[in-house]
Amino acid sequence: MAEPLSTPKGIHDILPDDHDYHTYIKKVVRHRARQAGFRRITTPVIEYTDLFQRGIGDGTDIVSKEMYTFEDRKERSLTLKPEGTAGVARAYIEHGMNQWPKPVLLYYFEPHFRYDRPQKGRYRQFWQLGFEVLGESDPALDAQVIYMAQKIFSDLGIADVFELQLNTIGTPEARKKYTAVLQDFYLDKIRAIPPEFRDLVDTNPLRLLDQKDEDLQILAKMAPSMKDYLDQESLDFHEELKGYLDELGIKYVENDKLVRGLDYYTRTVFEFWDKNTGAQNAVGGGGRYDGLIELLGGQPTPGMGFAAGVERLIANMKIQKVRVPSKDDLHVFVAQLGTEAKRKCLPLIDKLRDAGLKTMGALGKGSINVQLGLANKFKVPYTVLIGITEVREGTAIIRDMSKGIQETVKFDEVVPRLVKLIGDDKLDKYSPGELTYE
Ligand code: AMP
Numbered sequence: 039m040a041e042p043l044s045t046p047k048g049i050h051d052i053l054p055d056d057h058d059y060h061t062y063i064k065k066v067v068r069h070r071a072r073q074a075g076f077r078r079i080t081t082p083v084i085e086y087t088d089l090f091q092r093g094i095g096d097g098t099d100i101v102s103k104e105m106y107t108f109e110d111r112k113e114r115s116l117t118l119k120p121e122g123t124a125g126v127a128r129a130y131i132e133h134g135m136n137q138w139p140k141p142v143l144l145y146y147f148e149p150h151f152r153y154d155r156p157q158k159g160r161y162r163q164f165w166q167l168g169f170e171v172l173g174e175s176d177p178a179l180d181a182q183v184i185y186m187a188q189k190i191f192s193d194l195g196i197a198d199v200f201e202l203q204l205n206t207i208g209t210p211e212a213r214k215k216y217t218a219v220l221q222d223f224y225l226d227k228i229r230a231i232p233p234e235f236r237d238l239v240d241t242n243p244l245r246l247l248d249q250k251d252e253d254l255q256i257l258a259k260m261a262p263s264m265k266d267y268l269d270q271e272s273l274d275f276h277e278e279l280k281g282y283l284d285e286l287g288i289k290y291v292e293n294d295k296l297v298r299g300l301d302y303y304t305r306t307v308f309e310f311w312d313k314n315t316g317a318q319n320a321v322g323g324g325g326r327y328d329g330l331i332e333l334l335g336g337q338p339t340p341g342m343g344f345a346a347g348v349e350r351l352i353a354n355m356k357i358q359k360v361r362v363p364s365k366d367d368l369h370v371f372v373a374q375l376g377t378e379a380k381r382k383c384l385p386l387i388d389k390l391r392d393a394g395l396k397t398m399g400a401l402g403k404g405s406i407n408v409q410l411g412l413a414n415k416f417k418v419p420y421t422v423l424i425g426i427t428e429v430r431e432g433t434a435i436i437r438d439m440s441k442g443i444q445e446t447v448k449f450d451e452v453v454p455r456l457v458k459l460i461g462d463d464k465l466d467k468y469s470p471g472e473l474t475y476e
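Straight run, no breaks: the sequence shown in this note's numbering ends on number 476.
Printed below as a string of structure tokens:
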């Protein structure tokens, strides 16, 4: 026998039970997005590698260690997208969205790929939901994005699990000055830095501030404070943002060591941390990226965004014992015996489904008992039975599976009777909306 295959390391199937969570989260996101005028965008899973190198920055963990990069048949370097913002920014430029009414409000719900070390809550393919606000810069927009994130957590029953960590990292110019000061500080302490982090002193000293390593945390406490080097405008922007957050009743922890991993952030950065375990289990984060679009070849365009990890949201919902409604439960099982009965069953199943009853038909060749056993396994409340006698008499049996009682009804009455038994409000009458024609 051939060796059974499995998914690649760190990459998982989403089985039906978890899809109930995915569906629920997607609905919440869509609803909150629509309410606030955000429209959905899907950028490709594969982009030119250059986009991420330029957009995210060579010195970041993502670009230096975590990208799935490969060459296509014409030796062009492509990468599976490790995050959502760079692709959205590329699309903004490519499709001339600077001509759209501003701010341009977009959201996404998609898989992303990072060659991370797989562990609990950390996978190589994971889903993120994200929001981007492009084309306008105002601390009120930052506050609204943060509020949106909070509302979504609250809709998912997990608002109290997280703590908002907030910081400003100023303009790139101010940050450059601070980075130089920080570099001097760490060069002075190079012996105290664990060897595996020493490269960061050169490549990205800011990242030394928010590592989990204990020695680095002690050093970070002694390091010069970013606030002392930031431009006044950024500091004012931050004060204004905090005022709006207070107004909206959003609690936050000021964390001047929070830098986020990516080069493109300016001013506001934030993360939602697990109150108990901190940065390690951040469920989401984001910030302002006023320089990104220009960096990618567009007109200077401010931007602000947020992304959360869907697997981590689901994990937290499960820890909090939040259950989501499943719409997969079947209403009716149709069992039959004999070719004639089967012939009658096919259109009946169709009519039951059209009436909004979720129906499963046993169209195989099992005995009635085997079919009833199946109906029990599917946990349906009702089973319709049609055998040789019923075909001859133009009737069908409806069996109440929990009570174990049954009634015989005229064949034409099967659908209305079951609609009544299940109840109008329980029917699956979802409509995607009316089609119109030009
Ligand atoms: P980041 O932009 O890296 O802060 O990612 C935003 C969110 O995406 C994180 O807070 C996580 O919830 C989620 N996330 C990031 N990387 C992974 C991963 N490798 N596996 C699962 N979730 C992830």
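We put the beta carbon where it would ideally sit given N, CA and C, even for glycine.
query, result
"Bridge partners of I84, per DSSP?", "L118"
"If you follow the alpha helix (DSSP H) that R152 is in, where does it begin and where does it stop?", "Premise fails: R152 is in no alpha helix (DSSP H) and is neither H nor E."
"Exposed or buried, which one is A40 when buried takes at least 16 other CB atoms within 10 Å?", "exposed"
"Would you tell me roughly how many angstroms separate the C-alpha atoms of Y145 and T209, rounded to the nearest one?", "25 Å"
"Would you call the stretch 383–397 and the stretch 449–469 touching, i.e. three or more CB-CB distances under 8 Å?", "yes"
"Just to confirm, is the Cβ distance from G324 to G343 under 7 Å?", "yes"
"Could you give the distance in angstroms between the alpha-carbon of E349 and the alpha-carbon of Q203?", "21 Å"
"Can you tell me whether DSSP reads K103 as helix, strand or coil?", "helix"
"From which residue to which residue does the alpha helix (DSSP H) around Y185 run?", "177–193"
"Rounded to a whole number of angstroms, what is the C-alpha to C-alpha distance between W385 and T427?", "Correcting the residue identity first, residue 385 is Pro in this sequence and not Trp. Approximately 19 Å, taken between the alpha carbons."
"If F505 sits next to W311, beta carbons under 8 Å apart, how far is it from one beta carbon to the other, in whole angstroms?", "One cannot answer for residue 505 here, as it falls past the ends of the chain, which runs 39 to 476."
"Taking the beta carbon of N205 as the centre, do at least 16 other beta carbons fall within 10 Å, making it buried, or is it exposed?", "buried"
"Note down the Cα distance separating V370 from H60, rounded to an integer number of angstroms.", "25 Å"
"List the endpoints of the continuous alpha helix (DSSP H) containing M355.", "348–357"
"May I ask you to check if the CB of D56 is nearer than 6 Å to at least one heavy atom of ligand 1?", "no"
"What would DSSP say about M260, mapped onto helix, strand or coil?", "helix"
"Where G404 and Y475 are concerned, what is the direct C-alpha to C-alpha distance, given to the nearest angstrom?", "47 Å"
"Any heavy atom of ligand 1 closer than 6 Å to the beta-carbon of A317?", "no"
"Output needed for N491: all residues of its chain with C-beta closer than 8 Å, excluding positions within five of it in sequence on either side, in chain order.", "Since the first residue of the chain shown is 39 and the last is 476, residue 491 is not available in this structure."
"Quick one, what's near ligand 1 if you take every residue whose CB is closer than 7 Å to any heavy atom, in chain order?", "E121, R152, D154, G159, R160, Y161, R162, F164, Q166, R298, G299, E309, A320, V321, G322, G323, A345, A346, G347, E349, R350"
"Below 8 Å CB to CB, which residues in the same chain sit around D154 once its five sequence neighbours on both sides are set aside?", "G48, E104, R160, Y161, R162"
"Is the number of C-beta pairs between the stretch 66–77 and the stretch 189–196 that are closer than 8 Å three or more?", "yes"
"Going by the CB atoms, is the gap between K64 and F147 shorter than 7 Å?", "yes"
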